[in-house]
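S.K.:
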Amino acid sequence: MPEQLVFAMEVSLNGLMTGVMYALVALGFVLIYKASGIFNYAQGVMALFAAMTLVGIQEGRVPFSHLINAIFGTEVHHLPWHSVPALFAILLTVGVMIAFAWLVQKVVFKHLVGQEPIILFMATIGLAYFLEGVADLMWGSEIRTLDVGLPQGINLAIDETTFNWFGYGFFIDNLDIVAAIVAAVLVAGLVAFAQYTKQGRAMRAVADDHQAALSVGISLNFVWILVWSLAGFVALVAGIMWGSKSGVQFSLSLIALKALPVLMLGGFTSIPGAIVGGLIIGVGEALFEFTIGPMIGGATENWFAYVLALVFLVFRPQGLFGEKIIERV
Amino acid sequence: MTMMHYKPHVTADGRTIGNTMMEMKNITLRFGGVVAIKDISFDIREGEIRAIIGPNGAGKSSMLNVISGFYKPQEGEVWYLGEKRGPMRPFEVARQGIARTFQNIALFEGMTVLDNIMTGRLNHMSASFLDQAIWWGKAEREEVANREKAEEIIDFLEIQAIRKTPVGRLPYGLKKRVELARALVAEPSLLLLDEPMAGMNVEEKEDMSRFILDVNDEYGTTIALIEHDMGVVMDLSDRVVVMDYGKKIGDGTPDEVRNNQEVIDAYLGVAHD
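Here is the structure:
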């Protein structure tokens with residue numbers, strides 16, 4: 429097999445893995461957009477906040493320690509323990525994200541019911557920057573490493589197998605494989621939840637028609653808190669994956685920008701769309717960088733995804749899986 | 031104030047009409063400076079078909095929205111099953127056993143007919159989240175029971191053929207019927223129908239009238255409906271409230287209302303000065 433083709437296969441595989449990571453972020457957007465029509469600009473910051481909270485709890489830091497020390501002149505930084513078990517810390521963080529969802533609904537969106545989408549969007553911009561500030565204030569702004577015990581580094585089995593086949597071992601990161609599995613389980617779980625549980629049915633109903641949902645006895649407030657909680661949970665998963673990969677720091681919130689082309693491509697209202705969109709973007713940008721990149725000086729990954737999404741927009745404005753736009757006259 | 035109690039009586043066609051189920055007392059509803067409902071009182075009795083009629087803009091739909099909690103009146107009291115109702119949101123009203131349909135149809139367009147109807151059973155599901163997550167025992171029994179009820183209503187309203195069709199693809203008349211099914215499957219004590227026959231042709235109207243009568247007859251469901259078509263209302267209902275310009279101008283049996291001079295004027299359009 430020609431060497432170039434083997435390289436391209438490796439690049440595609442890695443692209444697929446990255447695509448799954450994009451899809452994880454996009455999923456959070458889809459959940460909220462579907463149920464409430466809110467484009468949640470804060471999704472990336474929620475991932476950052478979740479990851480920072482997780483690290484903070486794991487390391488046994490005192491939240492708001494700077495603030496507490498400044499006000500009371502104390503010197504508290506750490507709780508008596510130094511390493512909290514990962515699973516326990518994750519559960520606590522889920523609790524924090526649910527509390528966050530509840531607060532967001534109570535303080536912000538409850539008062540904005542029935543407002544124009546642009547107003548709701550602006551509110552999420554405010555929320556994003558506010559949450560960023562809170563995250564800094566709560567946990568400090570240093571770069572942290574996140575380790576919840578996920579395997580990292582080259583997968584030797586794949587390396588060996590491919591070496592035997594092609595005489596060239598593929599480099600696939602174990603973390604990426606875990607992310608792909610987690611994403612698959614997450615999507616299957618979300619779909620099952622939406623299809624088969626009472627709360628899931630209520631969620632789908634609210635996503636479809638608010639008035640009708642009210643008339644069959646569904647509390648919009650409850651469903652919106654539920655949806656923001658789910659989005660918070662998805663943000664936590666994305667935060668864990670991206671945080672384990674590249675450290676927990678401000679730039680983690682920028683992964684939201686990577687989710688945008690995924691959404692344009694997959695449609696804002698489709699969970700499978702987020703996954704397929706993520707995969708197409710992941711593979712597309714990796715292959716483009718591999719084939720065309722060297723000719724034009726590289727670094728195409730930053731913009732190629734958007735070009736791909738824009739081309740799709742021309743042909744399918746609703747995205748690959750989005751609901752078809754039918755104008756009735 | 032005490033509630034008035036009527037002696038249950040049996041109608042000519044053998045149905046029982048009982049005590050007061052719902053009582054509206056001096057309801058006034060304003061939107062800014064516009065008075066949509068002006069000091070209206072009336073009651074709905076168990077087992078009856080109660081119609082609210084009136085010309086366009088009379089405030090009929092507003093009245094239905096007050097009953098179902100979508101609008102909150104500035105003045106007046108709503109009594110339901112012998113208790114005064116506090117400020118309530120629409121989903122809480124629905125949970126009290128009051129189901130409704132809408133004038134311009136509010137269905138879940140993206141879901142199938144069956145899924146739409148199953149949402150009407152949401153308040154009959156009590157299995158906890160964990161029960162459902164592992165799909166055991168209680169959750170499964172509940173799902174089966176709810177599904178049976180849904181199928182019963184589907185048979186009753188003769189929509190078996192479209193069970194799996196997404197609602198968005200159905201013609202108007204069938205959508206109305208699916209909406210009725212979703213309301214009915216909740217086994218409401220009070221069913222509110224907002225212009226159930228609007229925009230239908232004669233045949234569809236006849237079908238719908240038959241279904242409304244059957245629901246009332248077979249399930250004993252109390253029904254309050256709004257309708258434009260005088261002929262239909264007079265045939266269907268036990269008692270009629272007539273509204274005009276937000277005021278009540280008549281209340282009684284179809285025959286009484288038909289001969290009421292004010293009602294005749296409102297419908298024939300006598301000049302108001």
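Residue numbers (my numbering), protein chains in the order written: chain V, 429 to 757; chain B, 31 to 303.
Even glycine gets a Cβ: it sits at the ideal position worked out from N, Cα and C.
Computed from a predicted model, the values in this text were never measured in an experiment.
(1) Show which residues of chain V have a CB atom less than 8 Å away from the CB atom of residue 210 of chain B.
(2) Is residue 612 of chain V helix, strand or coil when you go by DSSP?
(3) Starting from the C-beta of residue 462 of chain V, find all residues in its chain whose C-beta is less than 7 Å away, skip the five residues before and the five after it, and write them out in chain order.
(4) Measure the C-alpha to C-alpha separation of residue 529 of chain V and residue 212 of chain B and round it to an integer number of angstroms.
(5) Between B/67, B/153, B/90, B/102, which has its C-alpha nearest residue 218 of chain B's C-alpha?
(6) Hey, how far is the Cα of residue 510 of chain V from the Cα of residue 193 of chain B?
(7) Which same chain residues, not among the five before or five after residue 502 of chain V, have their C-beta less than 7 Å away from its C-beta?
(8) With distance defined between alpha-carbon atoms, name the residue in V/487, V/645, V/594, V/711 nearest to residue 568 of chain V.
(9) Look up residue 517 of chain V in the DSSP assignment and say whether it is helix, strand or coil.
(10) Does the pairing of the region 593-611 of chain V with the region 135-155 of chain B give three or more beta-carbon distances under 8 Å?
(11) Quick one: any contact between the region 179-189 of chain B and the region 657-667 of chain V, if contact means 3 or more CB pairs under 8 Å?
(12) State yes or no: is the C-beta of residue 450 of chain V within less than 9 Å of the C-beta of residue 555 of chain V?
(13) Report the residues of the region 488-520 of chain V with a CB closer than 7 Å to any CB of chain B, ordered along the chain.
(14) Examine chain V for any beta-carbon lying closer than 9 Å to the beta-carbon of residue 186 of chain B, and answer yes or no.
(15) Residues of chain B with CB closer than 9 Å to the CB of residue 632 of chain V, please, in chain order.
(16) Helix, strand or coil for residue 720 of chain V, going by three-state DSSP, please let me know.
(17) Whole angstroms is fine: what's the gap from residue 268 of chain B's alpha carbon to residue 616 of chain V's?
(18) Are the Cβ atoms of residue 280 of chain B and residue 287 of chain B separated by less than 9 Å?
(19) Measure the alpha-carbon distance for residue 457 of chain V versus residue 443 of chain V and round it to whole angstroms.
(20) Measure from the C-beta of residue 460 of chain V to each C-beta in chain B and report whether the shortest distance is under 9 Å.
(21) What's the C-alpha gap between residue 691 of chain V and residue 738 of chain V?
(22) So with Cβ pairs under 9 Å, would you call residue 643 of chain V a contact of chain B?
(23) With a cut-off of 9 Å, does the C-beta of residue 103 of chain B fall near any C-beta of chain V?
(24) Find the nearest neighbour of residue 576 of chain V within the set V/650, V/454, V/519, V/473, judged by alpha-carbon distance.
(25) With residue 632 of chain V as the anchor, note down where its alpha helix (DSSP H) starts and where it stops.
(26) In the structure shown, what three-state DSSP assignment does residue 258 of chain B receive?
(27) Taking the straight line between their C-alpha atoms, what separation do you get for residue 573 of chain V and residue 542 of chain V?
(28) With a cut-off of 8 Å, do at least 3 Cβ pairs link the region 119-137 of chain B to the region 622-634 of chain V?
(29) Under 9 Å, do residue 119 of chain B and residue 647 of chain V count as touching if we go by C-beta distance?
(30) Expressed to the nearest angstrom, what Euclidean distance is found between the alpha-carbon atoms of residue 90 of chain B and residue 69 of chain B?
(31) I'd like the list of long-range same chain contacts for residue 31 of chain B, defined as Cβ closer than 8 Å, with 5 residues on each side in sequence excluded.
(32) Would the beta-carbon of residue 123 of chain B fall within 9 Å of that of residue 114 of chain B?
(33) Could you pull out every unbroken alpha helix (DSSP H) segment of at least 4 residues lying fully inside the region 219-275 of chain B, listed in chain order?
(34) Would you give the residue range spanned by the beta strand (DSSP E) that residue 71 of chain B belongs to?
(35) How long is the line joining the alpha carbons of residue 699 of chain V and residue 746 of chain V, rounded to whole angstroms?
(36) How would you list, in chain order, the residues of chain B whose beta-carbon sits under 7 Å from the beta-carbon of residue 646 of chain V?
M.R.: Let me lay it out:
(1) The premise fails here: residue 210 of chain B is roughly 12 Å from chain V at the closest Cβ pair, so nothing lies under 8 Å.
(2) helix
(3) 635, 697
(4) 31 Å
(5) B/153
(6) 58 Å
(7) 496
(8) V/487
(9) helix
(10) no
(11) no
(12) no
(13) none
(14) no
(15) 138, 140, 141, 145, 149
(16) coil
(17) 52 Å
(18) yes
(19) 21 Å
(20) no
(21) 11 Å
(22) yes
(23) no
(24) V/519
(25) 626-636
(26) coil
(27) 42 Å
(28) no
(29) yes
(30) 13 Å
(31) For residue 31 of chain B, the predicted structure reports a pLDDT of 40, less than 50, and the residue's modelled location is therefore unreliable. The matter cannot be settled from this model.
(32) no
(33) 232-244, 260-266
(34) 64-75
(35) 14 Å
(36) 121, 152
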